[in-house]
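Beneath this line is the structure, given in structure tokens, with notes to follow.
In this note's numbering, the protein residues as written are 364 to 457.
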């Protein structure tokens with residue numbers, strides 16, 4: 364994982380330490396979720412494709428796309444809504 368800390372909204376992600384904090388309180392998230400979140404927050408405003416995201420969470424491993432869908436859904440649930448009822452993670456149609 365990347366080494367920088369990322370702050371967004373009430374969250375601070377520290378990929379090197381493997382931690383996610385919400386308002387300074389640790390949030391339980393697995394390694395794959397942390398890897399995906401680090402990939403996303405490390406490139407704000409950019410659109411990352413499925414292949415890039417899968418490589419971030421499962422480097423060098425062939426997995427079904429459904430695994431990515433499950434991990435993203437778990438992250439959305441964990442992060443909750445943005446203040447305006449939006450989501451922290453958006454899906455952009457092709």
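We put the beta carbon where it would ideally sit given N, CA and C, even for glycine.
The C-alpha of residue 402 is placed about 18 angstroms away from the C-alpha of residue 426. Using a Cβ-Cβ distance cut-off of 8 angstroms, the region 369 to 384 and the region 393 to 402 are in contact, since at least three pairs of beta carbons, one from each stretch, lie closer than that value.
Residue 432 and residue 456 have their alpha carbons spaced roughly 14 angstroms apart. A Cβ-Cβ distance of about 14 angstroms is found for the pair residue 405 and residue 374, leaving them out of contact under the 8 angstroms criterion. In the DSSP annotation of this structure, the continuous segment of the alpha helix (DSSP H) that includes residue 395 starts and ends at 394 to 404.
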